[in-house]
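Here the structure comes first, spelled out in structure tokens, and everything after it is commentary.
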DNA sequence: ACTCTAAATAGGATTTATGTATGCCCTACA
DNA sequence: TGTAGGGCATACATAAATCCTATTTAGAGT
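Protein chains in written order, with the working numbering: chain Y, 42 to 342; chain F, 42 to 342.
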């Protein structure tokens, strides 16, 4: 039969208050409860902790003094434990583990995290960027509590909430013949070389757009780097299709690109905030989700 | 309703074993016990700690990972607490708080503590020296567990055990007319100036010896320092009565003294090892007491 | 000697922990 | 697609702590 935190608490209270009755008062329990709890502790360990002075309360034995020091540290830890757990459940302070699809992290996160800092300065965020699969797996393994990713190929266990709907657009070099058109037709572009963003989910998605329209693209070049694709387009290697859209049309090497909406009807890609259905969200996660919602609503409107 | 160490233990086990059933096995309890314990923890703090994967055990949520770290430290402390308490009760390692009447500390303790170190090297001793009252009060207050002092004026609450019986002797300068006598009579000395060891209990004791014999001493000088008294005697300021007896007859300033037994029958002073009756002794104290007994037995025999 | 204070003990009611049995839901495999 | 199996949750009964009230015990103070 092991000892309990309750017994330790009662012992410390008796030591602090100088007596069992006083401790019972402080603890709002009856005097016999404290008395027996301490007696149990002593019996457990075979040490006398308190000297009972008749009509004058108690004092510590030398052994009791030593044990008291340990007991205090134990209770200290117990309080820290409780604070940590309770804080995670009910408080807002702490670190939120957050996953984000690497492609739109630099486009949306800096501003979103700034807004979070304004609204909830006590929430720290640790961002884990990666491929769609990486982010999804981390979410399902419980390594991250929330994730921002495409609503593609997610299991039933994941609950999603759309925060931004991204129309697919065509990206052209500034000198392209269609660069000044209000909208461009994929049917017209498909004969030209396409620069394909060659990432696991993106690849299939962009190609499926053509197939669904009965078209076949001419793949000119591929790259798994988003910025590389933009650079290639800027320098006339071809056009590309993209969803996410940086705020600048100037590429890293100084080239310029033009984004144009499509004439064809293409279902937009949805960026969603995802979480595990079976996991009860912490208050931090709730606050983060609310901030994200408001942030993207404001951005869209 | 506060959480318990049991719940924390079960949670850590589930985290370590990767599942509730596995944890139940490791803990030798039923699976529902672990399940409900963890559910209670989660309810207490309002945090989900574990993700339940159907047919695949459990894994930690981000919050669970944080809490787990605290939980481990808490259990660590709990183990330390138990070790401390149990060690004091049943083990021999630790520090014994020991009180000693200051006058005979330098005469008996160095050798006694050396013997203790031989027999029980794992026992550390902290000695508190002081007047009889100091030592007695410290014992009664529970500041020391054992004490070596005179069996004088001790309350009923203190249990004593005689370890050494000290006959009162007369201390004379080497040139004294009775210095060569086998024994000296107080009746003869009482006319000469006496150097009184002027300490709370000693004072009354030595004076009572005269009064009990119907004599009256002539107090020449007083000192509360034992060695000062010896020095004064060595240099012919008078004689004194003492109980404790250093191994040397040379005083600090190079004078020499002679100790002579008394002719009159004077009840010997008893040095006793004292402890509180109502305090259950630790194993350290038992070992110390046994060592003390053997030590003084050997010294006397 | 009497009173006061504080701890220990007794006994009974209540709450809490534990075990068995069972249901449920998913994963894995045919 | 269906089925078997693993593993967590729930229901319920029982055993064990825990608590409280009332009472006893034993010094301390007067």
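Ideal Cβ placement from N, Cα and C applies to all residues, glycine included.
Report yes if the CB atom of residue 323 of chain F is closer than 7 Å to the CB atom of residue 157 of chain F, and no otherwise. Position 282 of the second chain, counted from the first residue, corresponds to residue 323 of chain F. Position 116 of the second chain, counted from the first residue, corresponds to residue 157 of chain F. Not a contact, by the Cβ cut-off of 7 Å.
Interface residues of chain Y around residue 72 of chain F at Cβ under 8 Å?
The residue you call residue 72 of chain F lines up with position 31 of the second chain. Near residue 72 of chain F there are no residues of chain Y at all, since even the closest Cβ is about 19 Å away, more than 8 Å.
Under the rule that 16 or more other beta-carbon atoms within 10 Å means buried, what is residue 103 of chain Y, buried or exposed? Residue 103 of chain Y sits at position 62 when you count from the first residue of the first chain. With 16 or more Cβ atoms within 10 Å of its Cβ, residue 103 of chain Y is classed as buried.
Using beta carbons (cut-off 7 Å, strictly below), is residue 345 of chain Y in contact with chain F? Outside the displayed span of chain Y (42 to 342) sits residue 345 of chain Y, for which this structure offers no information.
Legend entry - Spatial neighbours of residue 333 of chain F in its chain, beta-carbon cut-off 7 Å, leaving aside the 5 residues before and after: The residue labelled residue 333 of chain F in the question sits at position 292 within the second chain. Answer for residue 333 of chain F: 153, 204, 314, listed in chain order.
Between residue 108 of chain Y and chain F, is any beta-carbon pair separated by less than 7 Å?
As a first step, residue 108 of chain Y is located in the first chain; it is residue number 67 there, counting from the start. Yes - at least one Cβ of chain F is within 7 Å of the one on residue 108 of chain Y.
- Look up residue 269 of chain Y in the DSSP assignment and give the residues it is bridged to. Taking the first residue of the first chain as 1, we reach residue 269 of chain Y at position 228. Beta-bridge pairing links residue 269 of chain Y to no other residue.
| Residue-chain proximity (residue 329 of chain F, chain Y), Cβ-Cβ < 7 Å | Here residue 329 of chain F refers to the residue found at position 288 of the second chain. So no, residue 329 of chain F is outside the interface.
With C-beta atoms as the reference, is residue 144 of chain F less than 7 Å away from residue 291 of chain F?
-> Taking the first residue of the second chain as position 1, residue 144 of chain F is located at position 103. Taking the first residue of the second chain as position 1, residue 291 of chain F is located at position 250. No, these two residues do not count as a Cβ contact at 7 Å.
Length of the line joining the Cα atoms of residue 172 of chain F and residue 51 of chain Y
Within the second chain, the letter at position 131 stands for residue 172 of chain F. Within the first chain, the letter at position 10 stands for residue 51 of chain Y. Approximately 36 Å between the Cα atoms of the pair.
### Cross-strand partners of residue 325 of chain Y (DSSP beta bridge)
Here the question's residue 325 of chain Y lines up with position 284 in the first chain. DSSP, once it has assigned bridges, lists no residue as partnering residue 325 of chain Y.
**Asked** Excluding sequence positions up to five away, which residues of its chain have a Cβ less than 7 Å from the Cβ of residue 114 of chain F?
**Response** Numbered from its first residue, the second chain carries residue 114 of chain F at position 73. So no residue of the chain qualifies.
Assign residue 123 of chain Y to one of three DSSP states: helix, strand, or coil.
Numbered from its first residue, the first chain carries residue 123 of chain Y at position 82. Helix at residue 123 of chain Y.
Closest Cα partner of residue 301 of chain Y within the set Y/195, Y/319, Y/294, Y/281 | Numbered from its first residue, the first chain carries residue 301 of chain Y at position 260. Taking residue 301 of chain Y as reference, the option from Y/195, Y/319, Y/294, Y/281 with the minimal CA-CA separation is Y/281.
Check: Along the chain, which unbroken stretches of the beta strand (DSSP E) at least 3 residues long are found entirely within the stretch 135-216 of chain F?
Finding: Complete beta strand (DSSP E) runs here, min 3: 135-142, 164-171, 187-191, 199-207, 210-214.
From the DSSP output, in three-state form, read off residue 53 of chain F for me.
To locate residue 53 of chain F, count along the second chain from 1; it is residue 12. If DSSP states are grouped into helix, strand and coil, residue 53 of chain F belongs with the helices.
query = For residue 112 of chain F, which option in Y/121, Y/112, Y/199 has the closest C-alpha, if you only look at C-alpha atoms?
reply = Within the second chain, the letter at position 71 stands for residue 112 of chain F. For the residues Y/121, Y/112, Y/199, the minimum Cα distance to residue 112 of chain F belongs to Y/121.
Taking Cβ positions only, does residue 162 of chain F come closer than 7 Å to chain Y? Sequence index remark: in the second chain, residue 162 of chain F carries index 121 (1-based). Cβ-Cβ to chain Y under 7 Å: no for residue 162 of chain F.
Checklist line | Neighbourhood of residue 241 of chain Y by C-beta distance below 8 Å, restricted to the same chain and skipping five residues each side | finding: The residue labelled residue 241 of chain Y in the question sits at position 200 within the first chain. So the qualifying residues of the chain are 172, 173, 174.
Open item on the list: Any C-beta of chain F within less than 9 Å: which residues of the stretch 125-148 of chain Y qualify?
Closed with: Listed by position along the chain: 125, 126, 127, 128, 129, 130, 131, 135, 136, 137, 138.
Check your understanding: Taking the runs of the beta strand (DSSP E) that are 3 residues or longer, which of them lie wholly in the stretch 56-106 of chain Y?
Key -> 91-93, 99-101
- Query: Taking DSSP as the reference, what is the three-state secondary structure of residue 302 of chain Y?
  - Reply: By 1-based counting over the first chain, the position of residue 302 of chain Y is 261. Strand, per DSSP.
First and last residue of the uninterrupted alpha helix (DSSP H) at residue 263 of chain F: If you number the second chain from 1, residue 263 of chain F lands on position 222. Judged by DSSP secondary structure, residue 263 of chain F falls outside any alpha helix (DSSP H) and instead within the beta strand (DSSP E) spanning 259-264.
**Report entry** Range covered by the alpha helix (DSSP H) that runs through residue 227 of chain F
**Finding:** Numbered from its first residue, the second chain carries residue 227 of chain F at position 186. Run containing residue 227 of chain F: 227-230, per the alpha helix (DSSP H) assignment.
> Among F/170, F/268, F/318, which residue has its Cα nearest to the Cα of residue 201 of chain F?
Replying inline: As a first step, residue 201 of chain F must be located in the second chain, where it is residue number 160. Its Cα nearest to that of residue 201 of chain F, the residue F/318 stands out among F/170, F/268, F/318.
**OP:** Could you tell me if residue 340 of chain Y is buried or exposed, where buried requires 16 or more neighbouring beta carbons within 10 angstroms of its beta carbon?
**Re:** On the first chain, residue 340 of chain Y is found 299 positions in, with the first residue counted as 1. Taking all protein chains in view, the Cβ of residue 340 of chain Y is surrounded by fewer than 16 other Cβ atoms within 10 Å, so the residue is classified as exposed.
Open item on the list: Is it buried or exposed, residue 243 of chain F, if we count other Cβ atoms within 10 angstroms and call 16 or more buried?
Closed with: Along the second chain, read from residue 1 onward, the residue named residue 243 of chain F stands at position 202. Counting Cβ neighbours within 10 Å, residue 243 of chain F comes out buried, since at least 16 surround it.
Need the endpoints of the beta strand (DSSP E) that residue 315 of chain Y sits in, please. Counting from 1 along the first chain, the entry for residue 315 of chain Y is found at position 274. Per DSSP, residue 315 of chain Y belongs to the beta strand (DSSP E) from 310-317.
Checklist entry - Where do the N-terminal and C-terminal ends of the beta strand (DSSP E) with residue 43 of chain F fall, by residue? => result Taking the first residue of the second chain as position 1, residue 43 of chain F is located at position 2. Looking at the DSSP string, residue 43 of chain F is not in any beta strand (DSSP E), and its letter there is neither H nor E.
**Message:** Within 8 Å, do at least three Cβ pairs link the stretch 210-226 of chain F to the stretch 187-197 of chain F?
**Reply:** no
Practice prompt. State the start and end residues of the unbroken beta strand (DSSP E) segment that holds residue 287 of chain Y.
Written response: By 1-based counting over the first chain, the position of residue 287 of chain Y is 246. Run containing residue 287 of chain Y: none; DSSP gives neither H nor E here.
If we define contact as Cβ-Cβ less than 7 Å, is residue 332 of chain Y a contact residue for chain F?
Numbered from 1 along the first chain, position 291 holds the residue referred to as residue 332 of chain Y. By this cut-off, residue 332 of chain Y is not an interface position.
Hey, how far is the Cα of residue 44 of chain F from the Cα of residue 177 of chain F? In the second chain, the residue the question calls residue 44 of chain F occupies position 3. In the second chain, the residue the question calls residue 177 of chain F occupies position 136. Per the coordinates, the alpha-carbon of residue 44 of chain F lies some 43 Å from the alpha-carbon of residue 177 of chain F.
Can you give me the Cβ contacts of residue 81 of chain Y inside the same chain, cut-off strictly under 7 Å, excluding the 5 residues immediately before and after it? Locating residue 81 of chain Y in the first chain gives position 40, where the first residue counts as 1. These residues qualify, in order along the chain: 48.
Would you say residue 177 of chain F faces chain Y, with C-beta separation under 7 Å as the test? One-based indexing of the second chain puts residue 177 of chain F at position 136. Not closer than 7 Å to any Cβ of chain Y, the Cβ of residue 177 of chain F fails to qualify, so no.
Members of the stretch 203-219 of chain F that neighbour chain Y once the beta carbon cut-off is set at 9 Å: none
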